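K.L.:
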Amino acid sequence: MSNGVEFPIFGLGTWQAYDSAQLTQALDVALESGYRHIDTAEMYLNENIIGDFLESKFKSGKFKRSDIFITSKLAPFWHQPDYAEWAIDESLKSLKTDYIDLFLIHNPCPYKPIKGLDTGKNREKWLHNELEIDLTPHIETWKVLEKYYKEGKLKSIGISNFSPKQIQELYDQAEIKPMNLQVECHIYFPQHELHDLCKKLNITMTSYATMGSPGRMSKLDTDPEPLQDPVIQKLAQKYHKTPAQFLFRQMMQRKIAVIPKSVTPERIRSNYQVFDFNISEEDMKQVHEIEGNTRLFQSHFVSQHPWYPLRN
Numbered sequence: 001m002s003n004g005v006e007f008p009i010f011g012l013g014t015w016q017a018y019d020s021a022q023l024t025q026a027l028d029v030a031l032e033s034g035y036r037h038i039d040t041a042e043m044y045l046n047e048n049i050i051g052d053f054l055e056s057k058f059k060s061g062k063f064k065r066s067d068i069f070i071t072s073k074l075a076p077f078w079h080q081p082d083y084a085e086w087a088i089d090e091s092l093k094s095l096k097t098d099y100i101d102l103f104l105i106h107n108p109c110p111y112k113p114i115k116g117l118d119t120g121k122n123r124e125k126w127l128h129n130e131l132e133i134d135l136t137p138h139i140e141t142w143k144v145l146e147k148y149y150k151e152g153k154l155k156s157i158g159i160s161n162f163s164p165k166q167i168q169e170l171y172d173q174a175e176i177k178p179m180n181l182q183v184e185c186h187i188y189f190p191q192h193e194l195h196d197l198c199k200k201l202n203i204t205m206t207s208y209a210t211m212g213s214p215g216r217m218s219k220l221d222t223d224p225e226p227l228q229d230p231v232i233q234k235l236a237q238k239y240h241k242t243p244a245q246f247l248f249r250q251m252m253q254r255k256i257a258v259i260p261k262s263v264t265p266e267r268i269r270s271n272y273q274v275f276d277f278n279i280s281e282e283d284m285k286q287v288h289e290i291e292g293n294t295r296l297f298q299s300h301f302v303s304q305h306p307w308y309p310l311r312n
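Residues in the sequence shown are numbered from 1 upward in steps of one, following our numbering.
1. Measuring alpha carbon to alpha carbon, tell me which residue in K143, Y171, T141, C185 is nearest N161.
2. Report the start-end ranges of each alpha helix (DSSP H) in the segment 52-113 that is 4 residues or longer and not cut off at the edges.
3. Which residues mark the beginning and the end of the beta strand (DSSP E) in which D28 is found?
4. According to the neighbour-count rule (16 or more other Cβ atoms, all chains shown, within 10 Å of its Cβ), is L310 buried or exposed?
5. Less than 7 Å between the C-beta atoms of L104 and A209, yes or no?
6. So for I207, helix, strand or coil by DSSP?
7. Within the continuous alpha helix (DSSP H) that includes D39, where are the two ends?
8. Since M1 and T222 are thought to touch, with beta carbons under 8 Å apart, how far apart are those beta carbons, to the nearest angstrom?
9. Would a C-beta distance cut-off of 7 Å place M179 and G158 closer than the cut-off?
10. Just verifying my parser: in three-state terms, what is the DSSP assignment at A244?
11. Rounded to whole angstroms, what is the Cα-Cα separation between H79 and W142?
12. Just confirm the distance between the C-beta atoms of T14 and Y44, as a whole number of angstroms; I'd bet it's less than 8 Å.
13. Rounded to whole angstroms, what's the CA-CA distance from N48 to L27? Just pull it up for me.
14. Can you look up E193 in the DSSP assignment and give me helix, strand or coil?
15. Could you tell me the alpha carbon to alpha carbon distance between T294 and I187, rounded to whole angstroms?
16. Pick from V231, T136, S163, E132: whose alpha carbon is nearest that of Q304?
17. Just curious, the alpha helix (DSSP H) that S270 is in, first and last residue?
18. Secondary structure at F7, three-state DSSP: helix, strand or coil?
19. Have a look at H195, E266, F7, E282 and flag the residue whose alpha-carbon is nearest the alpha-carbon of I100.
20. Let me check one thing: in DSSP terms, what residues is L135 bridge-paired to?
21. Taking the C-alpha atoms as reference points, what is the distance between T97 and Y171?
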């Protein structure tokens, strides 16, 4: 990244991984397979599971803290500076670590804190409350991340789900520039223009839903499926790889990090088998020529916010 911190291009996503035993097994298999990057967020409600697992690994002497790269994110309820400080401290406690390698503002649409909300114990509570829009400027929240960065508690800082306009505005105001952007990115929504902006601003990019996120809650029968795309299936066969492995590799060759989520041991191992082949320029061109400009994620609780990124 722009600050010299090395950012593993392949990580384990943990969204929708709530079961402690299942996630612990997945983390164990991932580390054994070579993963060194774990992506989480307060809103995933599993920071404490990850923290307990990693603490046990560090105590066993099998890994050092410096061996593992942890990404986490600030939930949209905590954009007001005092709450942002509290939330970062809570993430550090849950993850049982003195620092987080990369910390992102999860969403550009802030909401006022919900009285009595405890996301760690009641996953659905925030979904069914009347959310009150908050208009804390992004730069005010960002200044909190800058403070923790200067203190060494956040080794790198960035943003997620921001639009190009929002990225540029924050970049222009920030003392410490964003180092990473995490967004939906796949063959049907390749984000070429956004990626060009990131390269111009020296911001690394992370793709979520690289496979189309087959397990997402908002999935429609009419949504295209990257894993079933005939071009991808043909090219994967050519390279003797699975469609998932091919999709990860083509994203990595664009110099975009990938964080596929799985709790299935066989799939976790298989997903990581992407470092033993390269896709030719001709075949990368075939992927780039796949038609599509389709978002597969439509955020159900932020779409009424005036800062909803799809409008910018």
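From the three backbone atoms N, C-alpha and C, an ideal C-beta is built for every residue, glycine too. Just so you know, these numbers come straight off a predicted model, no measurement behind them.
P.N.:
Checking against the coordinates, here is how it stands:
1. In the sequence shown, residue 161 corresponds to position 161, counting from 1. Considering only alpha carbons, the answer is C185.
2. 81-94
3. For the purposes of this step, residue 28 is taken as residue 28 along the sequence shown, with counting starting at 1. Not the beta strand (DSSP E): D28 falls in the alpha helix (DSSP H), residues 20-33.
4. Within the sequence shown, numbered from 1, the residue matching residue 310 stands at position 310. L310 comes out exposed.
5. Position 104 of the sequence shown, counting from 1, holds the residue named residue 104. Position 209 of the sequence shown, counting from 1, holds the residue named residue 209. No, they are not a contact pair.
6. Here the question's residue 207 lines up with position 207 in the sequence shown. For the sequence presented, residue 207 should be read as Ser rather than Ile. The answer is strand: DSSP assigns S207 an E or B state.
7. Residue 39 sits at position 39 when you count from the first residue of the sequence shown. No alpha helix (DSSP H) contains D39, which is instead part of the beta strand (DSSP E) from 37-39.
8. Counting from one through the sequence shown, the residue named residue 1 turns up at place 1. Counting from one through the sequence shown, the residue named residue 222 turns up at place 222. That belief does not hold up - the Cβ atoms of M1 and T222 are roughly 38 Å apart, past 8 Å.
9. As a working mapping, residue 179 is identified with position 179 in the sequence shown. As a working mapping, residue 158 is identified with position 158 in the sequence shown. Taking 7 Å as the Cβ cut-off, M179 and G158 qualify as a contacting pair.
10. Against the sequence shown, residue 244 aligns to sequence position 244. A244 falls in the helix class under three-state DSSP.
11. In the sequence shown, the residue the question calls residue 79 occupies position 79. In the sequence shown, the residue the question calls residue 142 occupies position 142. When rounded, the distance between both Cα atoms is 9 Å.
12. Position 14 of the sequence shown, counting from 1, holds the residue named residue 14. Position 44 of the sequence shown, counting from 1, holds the residue named residue 44. Contact holds; Cβ gap of about 6 Å.
13. Position 48 of the sequence shown, counting from 1, holds the residue named residue 48. Position 27 of the sequence shown, counting from 1, holds the residue named residue 27. Each residue's alpha carbon lies about 13 Å from the other.
14. Start at 1 with the first residue of the sequence shown, and residue 193 comes out as number 193. Helix at E193.
15. One-based indexing of the sequence shown puts residue 294 at position 294. One-based indexing of the sequence shown puts residue 187 at position 187. Answer to the nearest angstrom: the Cα atoms are 9 Å apart.
16. Within the sequence shown, the letter at position 304 stands for residue 304. Looking at the Cα atoms, E132 is the closest of the given residues.
17. As a working note, residue 270 is residue 270 in the sequence shown. That run of the alpha helix (DSSP H) goes 265-271.
18. Position 7 of the sequence shown holds residue 7. Residue state, collapsed to three classes: coil.
19. Within the sequence shown, the letter at position 100 stands for residue 100. That would be F7, whose Cα lies nearest to the Cα of I100.
20. For the purposes of this step, residue 135 is identified with residue 135 of the sequence shown, where counting begins at 1. Answer is none; L135 lacks a bridge partner.
21. Along the sequence shown, read from residue 1 onward, the residue named residue 97 stands at position 97. Along the sequence shown, read from residue 1 onward, the residue named residue 171 stands at position 171. Approximately 28 Å, taken between the alpha carbons.
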